[in-house]
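Protein chains in written order, with the working numbering: chain A, 232 to 726; chain B, 1318 to 1693; chain C, 1095 to 1451.
Where a beta carbon is used, it is the ideal one built from N, C-alpha and C, also for glycine.
In this text the structure is predicted, and so the values were computed from the model without any measurement.
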Amino acid sequence: MRVDAVIIGGGVTGLGIARDLAQRGLRVALFERRDIASGTTGRSHGLLHSGARYVVRDPVSASECAKENRVLRRIAPHVIEETGGMFVAVEEDDLDYERKFLEGCKRASVRVEELSVRESRKIEPYLNPSAYTVFLVDDAVVDPFRLAIANFLAAKEHNAEIYTYEPVRLIVHEGTVVGVETVNTKQKIYSDVVINATGPWADFICRQAGLEIGVKPNKGTLVVTGKRVVNTVLNRLRPPSDGDIIVPHQTTMILGTTSTYIKDPDEVMPTIEEVNLILRECGKMLPCLRELRVIRAFSGARPLLEGTSGREAGRTFTVVDHEKQGVEGLVTVTGGKLTTYRLMAERTSDLVCRKLGVRATCRTSKEELPKIPVRTCKERYEASLLEAKWEKEVVCECELVTRREVEESFKVLGAKTLEDIKRRTRAGMGECQGQFCAYKVADIMVELGTSFHDALRSLNEFLRNQWKTEQILEGTQRAQLEFFKAMYKLVGGLE
Amino acid sequence: MNRQKKHVDALVIGCGVAGMTAAEIIGKEGYSVHVLASGYGCTQMSSGTIDVLGRYQGEEVVDLEAKLDGFIRENPRHIYALAGKEKVIQALTEFAVESASHIVEYKGEPRRNTRIFTPLGTVKNTCLVQYTMSLNNPSELTGKKVLVVAIPGLSGYAPNLFTEGLRRRNVKARMVRVNVPVKTTFQLARFFDLEAEGIITHLKEAGAAGFDYVAMPPVLGLRRTRSILKMLEEDFEAHFFEIPSFPPSVPGQRLHFLLEEKCEQAGVKVEMGKIVTGVKIKNGYLREVEVDKEKITPSVGVVATGWMLKSILRIKGLPFQVNESLNVEKNGERVENLFLALSSVSYENMIGLGAAITSGYLAGINALKYLREGRG
Amino acid sequence: MTLKLLLETDKCIHCGSCTSVCPLLNAGLKGDPQKNGPDALKDTERVKYLTNLPFNCTLCLACQEVCPVNVPIPRVVEHLRSKVKAPESVEQMIENIKRSENIFGLKSEERWMWTFELDVTLEERIDVKADIGYFTGCNSAFSPLLSKILTSHISLLERANVNYTLLSEEACCGFPLVIAGRRELVAPLAEKNIENFKKKGVKKVITSCPACLRSWREIYPKIKEVPFEVQHTTQFLWQLVKEGKLKVAKTKEAFVYQDPCELARGCHIVEEPRKLIKETGAKLLEFQDKKLEATCCGGGGLLRATNVQAASRIALLKLQEAKRLGAKAIITACPACMQNFVKAGGRMQVLDVSEIL
């Protein structure tokens, strides 16, 4: 097989590049070793920064954020919830930071508005009553899965070929990268350029060509609560550190985060200490967190760039044409953030087009991303009132996912496993963590043609993943997981 | 509010399988037994099958009696070991035999396991099943024509997976969709109890004729299962059987009714909605149990509050150490007249209600012994 | 109060037990304790989309009783009712209570029309000093259909020579306000009722309506101190029978007893009505689900006001069962049950416990 460009990595950056290049008329093939958005993209808290978070330490990043923010709102309103955000300072926080914060916002043109504590509690009734400063900002929340799916659909609209569960290796011929070979089926795909968009795994690919880009994987842990009691994003008004954001996502809240350098981006498991730290710190903004039910904890690896450390590391990205290092045919893009993915994709695509002598210009900031045949929770609530047979259709009670959405996910959104369905529809992201919908989704898989063994295998994998946090979570969630296991192991007879 | 003390021979806390089994054993010997439960109980969470020991050392257990020996040797503190193999088999046998004259009969040979198809179409080992599931058996169904009834929107089982699972075992299974406007198995079971004829018409329209066997989700009535099954088998001239379902399940609820019936017959008083607010233990004896504002002085007590939600359910003032005869121990001291019907579920060994029946049985006969002889 | 309620619903393990016992669902209607309960408080948005789903509930308390982790679903339903727009009929009822202190909005003089049939004259038993106060409740007093409950109780109290009083200015107990989600309006009614009985030196208040009983036992003490014991008339009557102060009539008929939800699950009173029935020598038949596990008649939770077809449909299932049991009549101890059974149709006779004594 021969294409113009091969992209390795099905995160939001890789998919964004696929969209961009395909739009410009290139023949593109993307290979992702697991499912789209299953790497760093899917572990993001989804905060569409107003930029205010970085005005003090990283002003470049701050204005980059603010600009891209506006672009995303224009091209993908259906994957964004306009929540607004607050910066909250509590007793122990540094008063001087407030001054620096305001100055930084002004410099970076980030809009802020001060609220009295009383006004802020009208918007956020559960806010800590002893919070002493509150600023309103233009934060929003983007659903990273929906964003990835929208790019996936856009890329496919322009005939990009996207392959999931297809790990590949570089084919290097006399110092030139000429294409990739699939690991499982040994198929060879030749291309003019291979784009390495694997985020924290960038060096895994680079090393196959004898190169090193120096990305340093950095683990961040996030905690999910079963209920959503905030309307806006809550940020801590202090120098960015652990446990200072609360991000609402449909019917849940994501609390975070932490920052630890790790060796292997695949080795990411949250620890009890991290969970407790996040709950404690976030609890200073929202005291009810001490009692609210935590339903999940997960970790992801950030692609931080060499030369800097921890939170200080620049969040700007890098696009490298490895011909400068003597290897033709390979371009790597890494670093950056979820919300600047489109800009990263644009720069990468510009570089690639220059290399290949393609004249077309980038249109991704001008054209809207396609609609997704899967609803948001709000749309589901509305549908539950209006649709007659709606009751029969529900597969996941927690998130109100319907059969139709599950079927569409298999048919047009590239889902192959239960995990994939979870990413696309949110089935399994609620309090029961998929206990009562997993078997239904597996049943639909069989109905659509999957074999018995494959469906059971997918079910088992899904269950393993859902149960892996059993030791970390306490209280009601632990009881839930126990009940969950008993149901599938004792009644369902699974091993 | 009167604060009088009420005396009862035996007080059982918990109306699950273990508690009710213990209560019945004591009650049918003529003693006054009182069962207190905070709610309706969780028996409907089970699929209604009695799993004793399904897997041992990684292998499927067929000869239950033989494998129990090995299991007991390796797990001397397990309830099966504390009871001893003979008592385990005795408890299961009595359970099955006595069920024949009640609302739902349990079938099976306590010394051997049987195999059934699960709601996912896999196969698991179990010991006793409700008679509506006795034909749900791989060896019975191999080579036979089985119609699997799928009711769209009904939760609790996976009909497509189930049908494929049967096919994998050389069963000539075919799935048919029958549209009945229901959401839960309980709804349908209640309709069957009231008006089986209407649903039978639906089934006929869906073409349920021409098959040797028909596999239904477990909806064949909560109380009138015998007559419903008979009606179906006569009308269709086929063998009907039930597929177990995920919780909450109708067979699990039937098991609860079975235990209620047995207790009623044994003169046991079962009271739901009673929360134990305090327990008084003095000089090695249970003296008093406080429930709402009432004080009860039992001669002997049995605690059977269950395993699944033990992290949520608590009894104030009660320690949870226990010795070989299931006597509760407080600060290392044995409480002579208080027994704990332990529960232990094991996924690795596929142990479920078999342990509950055994522990209820053992606690019951030990409590009985105490009542007769004054010592446990 | 929302945070506390929120945390209670956090315990939900999604087992579906509540859904399996909901009488609306079991009658083939739209009912959903899980959606109306724990799921409804999942996020700040969902309340907007409930419209009047919270009113699709008889508040029979079965879901709470069966819940393995004791999520107070009926309390959540009540909370949701206070947040959504109430149906017209409910708004009207609230207005009626505010204006005339009874659910019908009728003049308070009409409360006494049922006494015209009595042998006892008005002055003798109204607003007199007595140990026992008989609280009649709006439903029984104003409905011609239900006033026989009161007349039969009066004749029993007279027969047993009980020193009792009725209140000329009885205000609605307030329970309909609570279940409409307007708990905050009950205070003035509570204070009036308590004061009025206090002035008569009453030591014990009895009522033949389980909803009024719950209001007196659970709601009133939170508003003002209730210096009397409060009992259901079946408890009081059984006490009289036990003490030999009341001789009951004898019968050989077969009756089936319907446990009113508010009495059985709400107040845990299941034995006394049965003892009274057995005392007459009658054959006591039982519905297959009885006592705490009894199924609702369909008449609770204001369902008759918001969806009368649903209420009747649920009642018909029980009437069918009663017929199949061969009962001469359904005996109940609640005016709401009686009203719903009678109005649902069918030829089954419905009697209050007091009527066979």
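1) Give, in chain order, every residue of the stretch 458 to 478 of chain A whose Cβ lies closer than 9 Å to some Cβ of chain C.
2) Which of the three DSSP states is assigned to residue 1467 of chain B in this structure?
3) Starting from the beta carbon of residue 1359 of chain C, find every residue of chain B whose beta carbon is closer than 8 Å, and list them in chain order.
4) Kindly indicate if chain A contains any beta-carbon less than 8 Å away from that of residue 1533 of chain B.
5) Do the stretch 1667 to 1679 of chain B and the stretch 419 to 439 of chain A meet, that is, are 3 or more Cβ pairs less than 8 Å apart?
6) Unbroken alpha helix (DSSP H) runs of length 4 or more, entirely within the stretch 1472 to 1523 of chain B: which are they?
7) Just checking: is the beta-carbon of residue 392 of chain A within a distance shorter than 8 Å of some beta-carbon in chain B?
8) When burial is assigned at 16 or more other CB atoms within 10 Å of the CB, is residue 1408 of chain C buried or exposed?
9) At a CB distance below 8 Å, what residues from the stretch 687 to 715 of chain A approach chain C? Give them in sequence order.
10) Note down, in chain order, each residue of its chain lying with its Cβ closer than 7 Å to the Cβ of residue 329 of chain A, except the 5 sequence neighbours on either side.
11) Residues of the stretch 1378 to 1401 of chain C in Cβ contact with chain B at a cutoff of 8 Å, in chain order, please.
12) Going straight from the alpha carbon of residue 522 of chain A to that of residue 1101 of chain C, what length do you get?
13) Given this structure, state the Cα-to-Cα distance separating residue 634 of chain A from residue 676 of chain A, to the nearest angstrom.
14) Please confirm if residue 600 of chain A has its CB atom under 8 Å from at least one CB of chain B.
15) Just the Cα atoms here: how many angstroms apart are residue 1345 of chain B and residue 1338 of chain B?
16) I want to see whether chain A comes within less than 8 Å of residue 1128 of chain C, judged by CB atoms only; does it?
17) Taking the Cβ atom as the reference point for each residue, do residue 343 of chain A and residue 283 of chain A lie within a distance shorter than 8 Å?
18) Taking only beta-carbon atoms, is residue 1485 of chain B less than 8 Å away from chain A?
19) Who are the Cβ neighbours of residue 1183 of chain C in its own chain at under 7 Å, not counting the five residues just before and after it?
20) Beta-carbon within less than 6 Å of residue 1073 of chain C's beta-carbon, same chain only, minus the 5 sequence neighbours each way: which residues are those?
21) So with Cβ pairs under 8 Å, would you call residue 1138 of chain C a contact of chain A?
22) If the cut-off is 9 Å on Cβ atoms, which residues from the stretch 1555 to 1578 of chain B count as contacting chain A, listed in chain order?
23) Please check the pair residue 419 of chain A and residue 402 of chain A, which I expect to be a contact at CB under 8 Å, by giving their CB distance rounded to whole angstroms.
24) Can the beta-carbon of residue 750 of chain A be found closer than 8 Å to that of residue 473 of chain A?
25) Output, in chain order, the set of chain A residues within a Cβ distance shorter than 9 Å of residue 1108 of chain C.
26) So, with DSSP's three-state summary, where would you put residue 1360 of chain C?
27) DSSP three-state label for residue 737 of chain A, please.
28) Are the CB atoms of residue 1388 of chain C and residue 1358 of chain C within a distance shorter than 8 Å?
29) Measure the alpha-carbon distance for residue 636 of chain A versus residue 454 of chain A and round it to whole angstroms.
30) If we require 3 or more residues per run, which beta strand (DSSP E) segments fall completely within the stretch 605 to 684 of chain A?
31) Following the continuous alpha helix (DSSP H) through residue 1282 of chain C, name the residue where it begins and the one where it ends.
32) Spatial neighbours of residue 1689 of chain B within its chain, please: CB distance less than 8 Å, with the 5 preceding and 5 following residues excluded, ordered by chain position.
33) If the cut is a Cβ gap below 8 Å, which residues of chain A does residue 1476 of chain B touch?
34) For the alpha helix (DSSP H) containing residue 440 of chain A, list its first residue and its last residue.
35) DSSP on residue 254 of chain A, reduced to helix/strand/coil?
36) How is the alpha helix (DSSP H) around residue 1328 of chain B delimited, first residue to last?
Concretely, from the data shown:
1) From the stretch 458 to 478 of chain A, only 458, 459, 460, 461, 462 have a Cβ closer than 9 Å to chain C.
2) Residue 1467 of chain B sits at position 150 when you count from the first residue of the second sequence. Note: residue 1467 of chain B maps to strand in three-state DSSP.
3) Residue numbering aside, residue 1359 of chain C sits at position 265 when the third sequence is read from its first letter. Ordered by position in chain B, the residues that pass the 8 Å Cβ test against residue 1359 of chain C are 1590.
4) Taking the second sequence and counting its residues from 1, the one referred to as residue 1533 of chain B is at position 216. Chain A places no beta carbon closer than 8 Å to that of residue 1533 of chain B, leaving this residue out of the contacts.
5) Output reads no: the stretch 419 to 439 of chain A does not touch the stretch 1667 to 1679 of chain B.
6) For secondary structure counted as the alpha helix (DSSP H) over 4 or more consecutive residues, the stretch 1472 to 1523 of chain B holds these complete runs in sequence order: 1476 to 1485, 1502 to 1522.
7) Locating residue 392 of chain A in the first sequence gives position 161, counting from the first residue. The beta carbon of residue 392 of chain A does not come within 8 Å of any beta carbon belonging to chain B, so the residue lies off that interface.
8) Counted from its first residue, the third sequence places residue 1408 of chain C at position 314. Looking at its Cβ environment, which holds 16 or more other Cβ atoms inside 10 Å, residue 1408 of chain C is buried.
9) So the list reads 707, 710, 711, 714, given in the order they occur along the chain.
10) For the purposes of this step, residue 329 of chain A is identified with residue 98 of the first sequence, where counting begins at 1. Cβ contact annotation for residue 329 of chain A (same chain, cutoff 7 Å, sequence separation greater than five): 320, 364, 468, in chain order.
11) Those would be 1382, 1385, 1386, 1387, in chain order.
12) The residue labelled residue 522 of chain A in the question sits at position 291 within the first sequence. The residue labelled residue 1101 of chain C in the question sits at position 7 within the third sequence. In this structure, the alpha-carbon of residue 522 of chain A lies about 7 Å from that of residue 1101 of chain C.
13) Numbered from its first residue, the first sequence carries residue 634 of chain A at position 403. Numbered from its first residue, the first sequence carries residue 676 of chain A at position 445. CA-to-CA, the gap between residue 634 of chain A and residue 676 of chain A works out to about 11 Å.
14) In the first sequence, counting from the first residue as 1, residue 600 of chain A sits at position 369. With 8 Å as the cut-off, residue 600 of chain A does not count as an interface residue toward chain B.
15) Within the second sequence, the letter at position 28 stands for residue 1345 of chain B. Within the second sequence, the letter at position 21 stands for residue 1338 of chain B. If you draw a straight line from the Cα of residue 1345 of chain B to the Cα of residue 1338 of chain B, it comes to about 11 Å.
16) Here residue 1128 of chain C refers to the residue found at position 34 when the third sequence is read from its first residue. Residue-level contact by beta carbon holds for residue 1128 of chain C and chain A, with a gap shorter than 8 Å.
17) One-based indexing of the first sequence puts residue 343 of chain A at position 112. One-based indexing of the first sequence puts residue 283 of chain A at position 52. In this structure, residue 283 of chain A lies closer than 8 Å to residue 343 of chain A by Cβ.
18) As a first step, residue 1485 of chain B is located in the second sequence; it is residue number 168 there, counting from the start. Under the Cβ distance rule, residue 1485 of chain B counts among the residues neighbouring chain A, one pair being separated by less than 8 Å.
19) On the third sequence, position 89 is the one that residue 1183 of chain C refers to. So the qualifying residues of the chain are 1399, 1400.
20) As displayed, chain C neither begins before 1095 nor continues past 1451, which places residue 1073 of chain C out of reach and without an answer.
21) For the purposes of this step, residue 1138 of chain C is taken as residue 44 along the third sequence, with counting starting at 1. Yes, contact with chain A.
22) Residues of the stretch 1555 to 1578 of chain B with a C-beta atom less than 9 Å from some C-beta of chain A are 1561, 1562, 1563, 1564, 1566, listed in chain order.
23) Along the first sequence, read from residue 1 onward, the residue named residue 419 of chain A stands at position 188. Along the first sequence, read from residue 1 onward, the residue named residue 402 of chain A stands at position 171. Residue 419 of chain A to residue 402 of chain A, Cβ: 6 Å. Contact.
24) For chain A, the structure presents residues 232 to 726; residue 750 of chain A sits outside this window and is missing.
25) Your numbering for residue 1108 of chain C matches position 14 in the third sequence. In chain order: 628, 629, 661, 662, 663, 666, 667, 711, 714.
26) Along the third sequence, read from residue 1 onward, the residue named residue 1360 of chain C stands at position 266. In this structure, residue 1360 of chain C counts as helix in the three-state DSSP scheme.
27) It is not possible to answer for residue 737 of chain A, since the shown part of chain A is limited to 232 through 726.
28) For this step, residue 1358 of chain C is matched to residue 264 along the third sequence. For this step, residue 1388 of chain C is matched to residue 294 along the third sequence. Cβ atoms of residue 1358 of chain C and residue 1388 of chain C: closer than 8 Å.
29) As a position in the first sequence, residue 636 of chain A is number 405, starting the count at 1. As a position in the first sequence, residue 454 of chain A is number 223, starting the count at 1. In this structure, the CA atom of residue 636 of chain A is about 26 Å from the CA atom of residue 454 of chain A.
30) Listed in chain order, the complete beta strand (DSSP E) runs (minimum 3 residues) inside the stretch 605 to 684 of chain A are 625 to 627.
31) Position 188 of the third sequence, counted from the first residue, corresponds to residue 1282 of chain C. In the DSSP annotation of this structure, the continuous segment of the alpha helix (DSSP H) that includes residue 1282 of chain C starts and ends at 1281 to 1293.
32) Taking the first residue of the second sequence as position 1, residue 1689 of chain B is located at position 372. No residues qualify anywhere along the chain.
33) Along the second sequence, one-based indexing puts residue 1476 of chain B at 159. Within chain A, the residues near residue 1476 of chain B are 674.
34) Your numbering for residue 440 of chain A matches position 209 in the first sequence. It is not in any alpha helix (DSSP H) - residue 440 of chain A carries neither H nor E in the DSSP assignment.
35) On the first sequence, position 23 is the one that residue 254 of chain A refers to. Residue 254 of chain A: helix per DSSP, three-state reduction.
36) Position 11 of the second sequence, counted from the first residue, corresponds to residue 1328 of chain B. Residue 1328 of chain B -> not in any alpha helix (DSSP H); beta strand (DSSP E) instead, spanning 1322 to 1330.
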